[in-house]
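One structure is given below, encoded as structure tokens.
In my numbering, the protein residues as written are 139 to 425.
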């Protein structure tokens, strides 16, 4: 499944050989969704359809009006979902390279290309419910995503494959909620990928809105997230922090999303403090 033009986790073109190099997660720019399809023609076509879908882009805008303008939260629109989708694809490909089998392959005898479709679509649609309300937005995302999935996949898949992909994608969407219990590798990946949208600037909106607390301070301390092939585990995630405050993001928030995801035994997480202050207490923190 090697591709000619790999992309970074933010959706930007990567340098040759980037797949073997550390992956750095940075915020995406612009509203066009860019995903590293490689030789996955299904994913490439769905990405094209996503970018042509005015209704979907409007739903993302509505989600951001609620999240950013009305609640003072970080964005839940195209920037966020593109970051999550790229992280999810990166995680899936590293886990498969490490010997894990996607659940849609194991249980439904479909292809790894379908697994990539599931994680990408779940990531892109997981916060659509924010266009309705913050509370229970994961559940609201389901009925918005159900119809949207069938639109995006029309003519590309037919039952039973269509039904399976839609079902697996909806499961991955609902499993990203706080008490979500992923049944599949793909759902666990989306859950963790959502939590890994930590890079510098993602806390800017609530911080500038005056929400100065451990959540905003710890989020502001995250400089970047690197996702690499691991040594003892399939994936190594390195979180670079400008101060020890970032540990809260890792220990309280990322740990909660990782727990029960099914990825615990396959992902190593390390937080590295790059701060130079005399009061720095921790240089390296590991989950």
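Here a beta-carbon is modelled for each residue, glycine too, at the ideal position from N, C-alpha and C.
Would residue i and residue j be called neighbours here (beta carbons separated by less than 8 Å)?
i: residue 385; j: residue 375; result: no
i: residue 255; j: residue 184; result: yes
i: residue 252; j: residue 219; result: no
i: residue 372; j: residue 238; result: yes
i: residue 174; j: residue 229; result: no
i: residue 287; j: residue 323; result: no
i: residue 351; j: residue 272; result: no
i: residue 314; j: residue 264; result: yes
i: residue 393; j: residue 290; result: no
i: residue 108; j: residue 391; result: An answer regarding residue 108 cannot be provided, because it is not within the stretch 139 to 425 covered by the chain.
i: residue 222; j: residue 261; result: yes
Kindly indicate which residue of the options has the alpha-carbon position closest to the one of residue i.
i: residue 201; options: 389, 278, 405 and 178; result: 278
i: residue 408; options: 392, 377 and 393; result: 377
i: residue 232; options: 399, 390, 369 and 205; result: 369
i: residue 300; options: 242, 227, 357 and 362; result: 242
i: residue 356; options: 290, 325 and 411; result: 411
i: residue 381; options: 190, 216, 354 and 261; result: 354
i: residue 211; options: 186, 403, 268 and 171; result: 268
i: residue 250; options: 394, 177, 221 and 171; result: 177
i: residue 318; options: 197, 276 and 224; result: 276
i: residue 274; options: 316, 292 and 171; result: 316
i: residue 398; options: 223, 325 and 282; result: 325
i: residue 282; options: 172, 406, 189 and 198; result: 198
i: residue 266; options: 196, 246, 367 and 306; result: 196
Reducing DSSP to helix, strand and coil, say where residue i ends up.
i: residue 169; result: coil
i: residue 265; result: coil
i: residue 177; result: coil
i: residue 378; result: strand
i: residue 402; result: coil
i: residue 207; result: helix
i: residue 310; result: helix
i: residue 411; result: strand
i: residue 315; result: coil
i: residue 320; result: coil
i: residue 362; result: strand
i: residue 192; result: helix
i: residue 370; result: coil
i: residue 389; result: helix
i: residue 335; result: coil
i: residue 330; result: helix
Check whether the Cβ of residue i lies closer than 8 Å to any Cβ atom in chain C.
i: residue 272; result: Chain labels in this structure do not include chain C; a single protein chain is all it has.
Rounded to whole angstroms, how far is the Cβ of residue i from the Cβ of residue j, which I believe are closer than 8 Å?
i: residue 280; j: residue 327; result: Contact flag wrong, Cβ pair sits at about 18 Å.
i: residue 298; j: residue 400; result: About 24 Å; that fails the 8 Å criterion.
i: residue 285; j: residue 404; result: With a Cβ gap of about 34 Å, residue 285 and residue 404 do not count as contacting.
i: residue 194; j: residue 294; result: So it is not a contact: roughly 16 Å between Cβ atoms.
i: residue 171; j: residue 216; result: 7 Å
Discussion item. If we require 4 or more residues per run, which alpha helix (DSSP H) segments fall completely within the segment 220 to 278?
Written reply: 241 to 246 and 250 to 263
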